[in-house]
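Student: Residue numbers (the numbering used here): 3 to 283.
Here a beta-carbon is modelled for each residue, glycine too, at the ideal position from N, C-alpha and C.
Take this structure first; my questions come after.
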């Protein structure tokens, strides 16, 4: 399995010289099978989705875009995905089953339709399919995907465990464990859904939007402290953790400091997500 980080920010894109090294696009991770250059499964559709087109070598996208939830920083790349907005494209967009029972296209139209946007989901060129999925195990683009609901403010949110029979990725870009209590260390509960998704995975890509000193003021916004991500990986026996979903004003220098503080210790290995990097599993 090949993981390509196309967007690593949360909330809004970041622009400016102080964000160049780690990148400014919002959440998007492109997955390819061994031996395949083109990604067939894309996790989240933040502005980083615009970078996926160049991975396709001029071809149209015919895979699946799997959303964790429907916040702007995970959906606003959809109408700007050039490789999917063309007549020969056949994208499938899958999002968490809504508690209201609404279908996927109408839910997406809540942020992508006039007067908020000039067109709706069904006006994109190509053969688009919109669907929802329930918690549980699914087969998507040859990957085995386990979906579990995790706490995050403002709408149903899933975390995913994605495997190909050889390697396993756990993906929880937006996670508010303090919603379930402070936990042993004050960073939030290490709850069963999070442990299940991360258990024994090769890599955990996890929400690290907050620093410990920011938690008291910002926990109500729905995110996790970077230290929680590392401890979750340790408890779940995950081999490595990638700190993800950087706050929009988190500079390169600040992220360098995060890498120094949490990296270089005992297992799991810790790295800070950087746009345009690739991990081979």
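Over what stretch of residues does the beta strand (DSSP E) that includes residue 172 continue unbroken?
Tutor: Per DSSP, residue 172 belongs to the beta strand (DSSP E) from 170–174.
Student: With DSSP as the reference, identify every bridge partner of residue 209, one or two as the case may be.
Tutor: 246, per the DSSP bridge assignment.
Student: In three-state DSSP terms, what is residue 178?
Tutor: Coil.
Student: Could you check what DSSP says for residue 76 in three-state terms: helix, strand or coil?
Tutor: The answer is helix: DSSP assigns residue 76 an H, G or I state.
Student: Based on Cα-Cα distance, which residue from 127, 150, 54 lies nearest to residue 31?
Tutor: The option with the nearest alpha carbon to residue 31 is 54.
Student: CA-CA distance, residue 246 and residue 21?
Tutor: Looking at the two C-alpha atoms, the distance is approximately 14 Å.
Student: Mind the definition here: the region 63–75 touches the region 41–50 only if three or more C-beta pairs lie below 8 Å; say whether that holds.
Tutor: Yes: at least three Cβ pairs fall under 8 Å.
Student: In terms of residue numbering, what span does the alpha helix (DSSP H) encompassing residue 133 cover?
Tutor: That residue, residue 133, is in no alpha helix (DSSP H); its beta strand (DSSP E) goes 131–135.
Student: Would you report the Cα separation of residue 209 and residue 183, rounded to the nearest angstrom?
Tutor: Those two C-alpha atoms are separated by around 17 Å.
Student: Using the Cβ count rule (16 or more neighbours within 10 Å means buried), how would you classify residue 121?
Tutor: The residue is exposed, with fewer than 16 neighbouring Cβ atoms inside 10 Å.
Student: Does DSSP put residue 189 in a helix, in a strand, or in coil?
Tutor: If DSSP states are grouped into helix, strand and coil, residue 189 belongs with coil.
Student: Does the region 217–227 come within contact of the region 264–273, defined as at least 3 CB pairs closer than 8 Å?
Tutor: Flag = no, the region 217–227 and the region 264–273 do not touch.
Student: Give me whichever residues DSSP pairs with residue 167 in a beta bridge.
Tutor: The partner list for residue 167 (beta bridge, DSSP) is empty, contrary to what the question assumes.
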